[in-house]
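Okay, so here's the structure we're looking at.
Residue numbers (our numbering): 7 to 286.
What follows is the structure, encoded as C-alpha cells:
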C-alpha cells in the first residue's frame, strides 16, 4: 500500500466511525507511524509503506477507533501555537481554552497585573503560554494531582520556563503563597449525568472532567475562595460550559456585590469565559 492509499483508507474508516475531522486525524496518525512531518508526508504520497509501517499504522487506527484520543496516541497536542506533551494523567488542552489565554494577556497588558495564578493547570498549557507571552509576570500554577504536575514540569522544561512558572500542589487556591492580581482557571465543568456522552471519558482523568450534578461544584468552591486570594482591583477568569454562564455570573454577583462581572461569548456565540473584577 502506498502512502496516499493508506491516508485515504484511514480517512474513510474514521469518517464511517463518526470521528470528527477524519482527514486531519488520519494524517496525524500516519505521520506519527512514519515518523515524518507534514511536508515530508505530502512529498512521499506515492512511496510504499513497509510491512512494519503498515502494521504500526493499523494499530494506531484501532486505538483511535476505540475512542482513545489522538493526542494520547501520539503523546502531544498543540495549544496557543505551542506543542505540549500530554498523557492520561492530564486533560487534553482544548482550543476553546485559548480564549482564556488571550483574555488574560490582554488584561495584564492593559492593567499592569504582575502576578498570575493558573488553577488546575494539568499539563501546564495555560500557565506556560502565559509565561512565554508575559515575560515580566510571575506565574503560579496549581494542581491537586502530583502526576499532572510532573507532566507540567516536563512541559516547563521543554519550553524553557522552569524559572518562570512555580508549580504548586494542592486544592484550588490553597497552595498560593498570597493574593495575586489575576486568577485564571479551566476547572472541570462536565455535568455528572453527561459524562457517559464524553467519548474520551475512559481515557482522560475523571477528576479533570466531573463537575458534579450541574457541572459547577468545583467552580463554586473556587469562587468562594477568590475573595481571600485575589488582590483588590484584580481579575478572575473562568472557563464554563454551554448554558452555565448565567449561573456562574449570578453566583459571583451574590458573593461579591460590588464586583464587575461579565460573561464573554466564544466564536460560536456560547458564553465561554466569566470575568470578575474585584473592587478596590
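For each residue, glycine too, the CB sits at the ideal point set by N, CA and C.
{"Asked": "Proximity below 8 Å, CB of residue 194 to CB of residue 217", "Found": "yes"}
{"Asked": "Per DSSP, cross-strand counterpart(s) of residue 82", "Found": "91"}
{"Asked": "Contact check, residue 122 vs residue 143, beta carbons under 8 Å", "Found": "yes"}
{"Asked": "Integer Cβ distance of residue 47 from residue 9, believed to fall under 8 Å", "Found": "7 Å"}
{"Asked": "Inside the segment 16-90 only - beta strand (DSSP E) runs reaching at least 3 residues", "Found": "82-85"}
{"Asked": "Coil, strand or helix - residue 246 by DSSP", "Found": "coil"}
{"Asked": "For residue 130, the nearest candidate out of 112, 165, 110 and 33 (CA to CA)", "Found": "165"}
{"Asked": "Residue from 106, 62, 226 and 42 whose Cα sits closest to the Cα of residue 179", "Found": "226"}
{"Asked": "Counterpart residues of residue 125 in DSSP-defined beta bridges", "Found": "148 and 191"}
{"Asked": "Per DSSP, the bridge partner or partners of residue 212", "Found": "DSSP output for residue 212 lists no bridge partner at all."}
{"Asked": "Classification of residue 250 by the beta-carbon crowding that lies within 10 angstroms, buried from 16 upward", "Found": "buried"}
{"Asked": "Given residue 243 as reference, the closest of 223, 262, 270 and 253 once Cα atoms are compared", "Found": "270"}
{"Asked": "Under the three-state DSSP convention, the category residue 281 falls into", "Found": "strand"}
{"Asked": "Per DSSP, cross-strand counterpart(s) of residue 175", "Found": "149"}
{"Asked": "Residues of its chain near residue 239, where Cβ-Cβ distance is below 7 Å and the 5 sequence neighbours each way are ignored", "Found": "284 and 286"}
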